[in-house]
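Here the structure is laid out as structure tokens; the discussion comes afterwards.
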Amino acid sequence: MADGLKFSFEFDQSALKSAAVANPDRAAAIVLEALRIAVRTAIQAELHPAVLADLNRKIEKQPTGNLANAFGSEFVEGKDIVEGKLLNAASYGLPVEDGSKPHWAPLEPLVLWAQRKFGYDEFTAYDVATRVRYSIAHHGTKGKHFMRDGFEQALPKIEAIFDSMHEAVVQKIAQG
């Protein structure tokens with residue numbers, strides 16, 4: 014999940030162009046500032062909470078909360094671009110999102126997981142972890158798709174943010 018979840022929107026530029034004729038000097042600055050606000054609002058107020066809600070729905074017991082706490086956002090702003098990303102820094106974030114192919118998972122994190130999730134003593138947790146490890150080695154893991162599904166849930170609100178930004182920008186440019 015190092016690349017995060019990316020999305021983009023396109024706008025009807027004809028309204029922006031006709032409004033920019035009235036105030037060409039400020040039009041680009043107004044659009045860029047509005048995009049900065051819209052991208053940050055979309056990620057921080059809508060996407061991040063929706064992804065966390067989906068994660069909590071799909072993984073009821075999160076013994077450490079490390080996956081949920083590993084989310085952060087990154088913003089890149091340039092002369093004519095505004096890009097925002099919701100990222101998860103947990104090393105196991107991508108396998109939880111997409112699933113994994115069969116592999117030998119490290120045993121110690123599985124032992125800790127069994128102890129925290131089920132309250133098992135070390136001996137029982139080791140036995141459970143060994144069985145889970147064997148299952149992962151033969152079957153892999155299924156993805157939870159909390160990022161994808163959270164994004165789909167947040168998308169209508171995100172689109173509304175950008176639609177309202179578009180209308181406000183056209184009005185602001187036209188007003189001068």
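Residue numbers (the working numbering): 14 to 189. In this text, a Cβ means the ideal position worked out from N, Cα and C, and glycines have one as well.
Item: Which class does G163 belong to by DSSP, given the choice of helix, strand or coil?; Value: helix
Item: Hey, G85 and L107 are a contact pair by Cβ (cut 8 Å); roughly how many whole angstroms apart?; Value: So it is not a contact: roughly 15 Å between Cβ atoms.
Item: Does DSSP put K155 in a helix, a strand or coil?; Value: strand
Item: What is the DSSP secondary structure of G106, counted as helix, strand or coil?; Value: helix
Item: I186 and A58 - do their beta-carbons sit closer together than 8 Å?; Value: no
Item: If we require 3 or more residues per run, which beta strand (DSSP E) segments fall completely within the stretch 32-119?; Value: 84-90 and 95-101
Item: Indicate the three-state DSSP secondary structure (helix, strand or coil) for D134 in the structure shown.; Value: coil
Item: Give me the Cα-Cα distance between I50 and E110, rounded to the nearest whole angstrom.; Value: 28 Å
Item: For A40, which residues in the same chain have their Cβ closer than 8 Å to its Cβ, ignoring the five residues on either side in sequence?; Value: L29, A32, A33 and I186
Item: Which term fits D67, buried or exposed, when burial requires 16 or more other beta carbons within 10 angstroms of its beta carbon?; Value: buried
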